[in-house]
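Residues are numbered in my numbering as their position in the sequence shown, beginning at 1, plus a constant of 1.
For every residue, glycine included, the Cβ atom is placed at its ideal position computed from N, Cα and C.
In this text, all values refer to a predicted model and were calculated from it rather than measured experimentally.
What follows is one structure encoded as structure tokens, with my remarks underneath.
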Amino acid sequence: MGFVLGLTSAALVPLGPWACAGESSGEEGGGGEQARPEVTQEPPPESSPASGGEGQEPSGSGGSPPPTGPLDQCFSTMWTGPDEARREAACIQYWDESGDEPALRYVCSCDVEACPIKRLVLDGNDPGTPPKTRLNDCVVDGVESGCQDSLQSACGTTTGEHGFCEREYFGLTPTRPAQDPPEPVTIACFEQPDGTHACTCPDEPELTPTTEADCQRALRRTCQAPCESAAGRCEPGENGYNCACSAGFERPVETALCDYALFWACEPACSNEAGACYWDPSGGPQIICRCSDDTEPRVMDRDPNVMGDECRTPLVETCGGSAEGPDAWP
Numbered sequence: 002m003g004f005v006l007g008l009t010s011a012a013l014v015p016l017g018p019w020a021c022a023g024e025s026s027g028e029e030g031g032g033g034e035q036a037r038p039e040v041t042q043e044p045p046p047e048s049s050p051a052s053g054g055e056g057q058e059p060s061g062s063g064g065s066p067p068p069t070g071p072l073d074q075c076f077s078t079m080w081t082g083p084d085e086a087r088r089e090a091a092c093i094q095y096w097d098e099s100g101d102e103p104a105l106r107y108v109c110s111c112d113v114e115a116c117p118i119k120r121l122v123l124d125g126n127d128p129g130t131p132p133k134t135r136l137n138d139c140v141v142d143g144v145e146s147g148c149q150d151s152l153q154s155a156c157g158t159t160t161g162e163h164g165f166c167e168r169e170y171f172g173l174t175p176t177r178p179a180q181d182p183p184e185p186v187t188i189a190c191f192e193q194p195d196g197t198h199a200c201t202c203p204d205e206p207e208l209t210p211t212t213e214a215d216c217q218r219a220l221r222r223t224c225q226a227p228c229e230s231a232a233g234r235c236e237p238g239e240n241g242y243n244c245a246c247s248a249g250f251e252r253p254v255e256t257a258l259c260d261y262a263l264f265w266a267c268e269p270a271c272s273n274e275a276g277a278c279y280w281d282p283s284g285g286p287q288i289i290c291r292c293s294d295d296t297e298p299r300v301m302d303r304d305p306n307v308m309g310d311e312c313r314t315p316l317v318e319t320c321g322g323s324a325e326g327p328d329a330w331p
């Protein structure tokens, strides 16, 4: 994730206010990636004259012009258990004009919640120039050798997630009446003193232990269990689930949660009174359709020229029926 910080002409720290906020997100197959604290820039205060636009040399400033483009930044998140607070650290590069020779420097916060990395605006005596600024008193200096070295030197940590990994599953949308798709849920696994992991599985009040030493593998396997519905049945496999669908086909699905595997593999992406069609949950080039009078499903290549309704178009062309919304075809 990259950020471009705009430049303003301030006497000490000409980079605009910094605010850090963490949020997570994730998709299946994304390796449990977690979003880092986001660095944003706010406009100058209304009482202060605005400086030149991004990429322009500030008026009235001497020496070398400030750099343009993305500045270096790095982040680290430590989380040791579901009842513990996340601790996020960050180091950010900025253009320092406080000394005789303006230069790029690094500053760090070892706890961005307690110490946000941002500038503080001071009143300026000259109404023709922007106000002076300084960094939060709680941020600390990094080292010149780079962002990751600064994070290690200032906070004693390295970039990335430490002590945990997690995967967010977004709620799924029903594609026909009477469907009950899975609700959104997040699984997190935490490293234990012996090097194994314990995970927060849905509907389990306590952490579920596992012998897995790899956190991402623990995410995939710790919460596995078989499940079934009228649409089919899924059994745990090496990397997810093997699902046998009532429509007459089988599919593997790489996911940690059985109800998600069952919905992705065996619930139709679209249906009408004449039949139903099913996407490949891995995003493959084929689509499976089964018409109401078929004894076997029909496996077809998806038409690359169909745009906008890639499921209902092959359904109507293969099985007939209505091209309108979902129908309660069994």
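- Query: How many Å lie between Leu173 and Arg120 at the Cα?
  - Reply: 41 Å
- Task: Just mark Glu29 as buried or exposed, buried being the case when its beta carbon has 16 or more other beta carbons within 10 Å.
- Result: Low confidence applies here, because Glu29 scores a pLDDT of 47, under 50, leaving its location unreliable and the question unanswered by this model.
- N- and C-terminal bounds of the alpha helix (DSSP H) containing Cys111: Unbroken run through Cys111: none, as it is neither H nor E.
- Output the boundary residues of the alpha helix (DSSP H) element that contains Gln149. Cys148 to Cys156
- Query: For Thr212, which residues of its own chain have a beta-carbon under 8 Å away from its beta-carbon, when the five flanking residues on both sides are left out?
  - Reply: Thr197
- Does the distance from the C-beta atom of Cys224 to that of Pro203 stay below 8 Å? yes
- Message: For Ala104, count the other beta carbons within 10 Å of its own beta carbon; 16 or more makes it buried, fewer makes it exposed. Which is it?
- Response: exposed
- Task: Out of Phe250, Cys267, Asp138 and Arg88, state which residue places its alpha-carbon closest to the alpha-carbon of Glu229.
- Result: Cys267
- Query: What did DSSP end up calling Asp73 once you bin it into helix, strand or coil?
  - Reply: coil
- Message: Restricting to Cα atoms, I'd like to know which of Glu255, Gly276 and Pro269 is closest to Tyr170.
- Response: Glu255
- Query: Rounded C-beta distance between Ala262 and Cys244? I'm assuming under 8 Å.
  - Reply: 6 Å
- CB of Cys246 within 8 Å of CB of Gly233, strictly: yes
- Query: Taking C-alpha atoms, which residue in Thr158, Gln74 and Thr319 lies nearest to Ile118?
  - Reply: Gln74
- Message: For Thr160 and Met79, what's the separation of their Cα atoms in angstroms?
- Response: 10 Å
- Item | Opening and closing residue of the alpha helix (DSSP H) in which Asp260 lies | Cys259 to Cys267
- Sequence ranges, alpha helix (DSSP H) only - wholly within the stretch 185 to 261, length at least 4: 216 to 222
- Message: Between which residues of its own chain and Cys259 is the CB-CB distance below 8 Å, once the five residues before and five after are set aside?
- Response: Gln225, Ala226, Pro227, Cys228, Cys235, Pro237 and Tyr242
- Would Glu297 be called buried (16 or more neighbouring beta carbons within 10 Å of its own) or exposed? exposed
- Apply the 10 Å Cβ neighbour rule to Gly322 and answer buried if 16 or more other Cβ atoms are within range, or exposed otherwise. buried
- Quick one: Cα of Cys278 to Cα of Arg221, how far? 28 Å
- Query: In terms of residues, what are the limits of the beta strand (DSSP E) holding Arg168?
  - Reply: Phe165 to Tyr170
- In chain order, what residues of the same chain have a beta carbon less than 8 Å from the beta carbon of Leu316, not counting five sequence neighbours either side? Cys271, Ser272, Asn273, Ala275, Gly276, Ala277, Cys278, Cys290 and Gly322
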